[in-house]
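This report refers to the structure that appears directly beneath it.
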Amino acid sequence: MNKPFFKAILRRFGIIKLSDTARFQIMKLKNRKGNLKFVREHPNVPIPPDYILYKAHKLNYASYISNGLTNAKV
């Protein structure tokens with residue numbers, strides 16, 4: 653069984669939103685310390701809303717900025 657299979661099951665029973673919200677909250681807790689440190693060290697860096705970063709960068713502010721800078725140089 654793979655990830656698409658489980659997503660299909662969650663969708664079928666209407667609990668994908670609940671699952672996604674739980675994963676978001678877990679990721680938020682996991683990255684809390686590092687993200688707070690990043691904000692303290694870079695207070696003027698604009699950060700998008702957490703939910704947007706969760707989808708693209710697993711809610712890691714430093715990863716978001718690092719990848720953005722790398723892509724901007726390309």
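So for the sequence shown, this note's numbering puts the first residue at 653; every next one is plus one. In this text, a Cβ means the ideal position worked out from N, Cα and C, and glycines have one as well. No experiment lies behind these values; they were computed from the predicted model shown.
### Query
When the distance is taken between beta carbons, is VAL697 closer than 8 Å to ILE668?
The beta carbons of ILE668 and VAL697 sit no closer together than 8 Å.
Report task. Take ASN687 and list the residues in its own chain whose beta-carbon comes closer than 6 Å to its own, dropping the five residues that flank it on each side. Result -> Excluding the 5 residues flanking it on each side, ASN687 has same chain C-beta neighbours closer than 6 Å at TYR713, in chain order.
Original post:
Which two residues bound the contiguous alpha helix (DSSP H) that contains PRO701?
Top reply: Under the DSSP assignment, PRO701 falls outside any alpha helix (DSSP H); it carries neither an H nor an E label.
Check your understanding: ILE699 to MET679, Cα distance in whole Å?
Key -> If you take the alpha carbons of ILE699 and MET679, they lie about 16 Å apart.
*Is it right to say HIS709 is buried, meaning 16 or more other beta carbons lie within 10 angstroms of its own, or is it exposed?*
Label assigned to HIS709: buried.
- Message: Tell me which residue opens and which closes the alpha helix (DSSP H) that LEU662 is part of.
- Response: Secondary structure note for LEU662: its alpha helix (DSSP H) is the uninterrupted segment 655 to 664.
*Return helix, strand or coil for LYS710, following the three-state DSSP convention.*
Correct three-state label for LYS710: coil.
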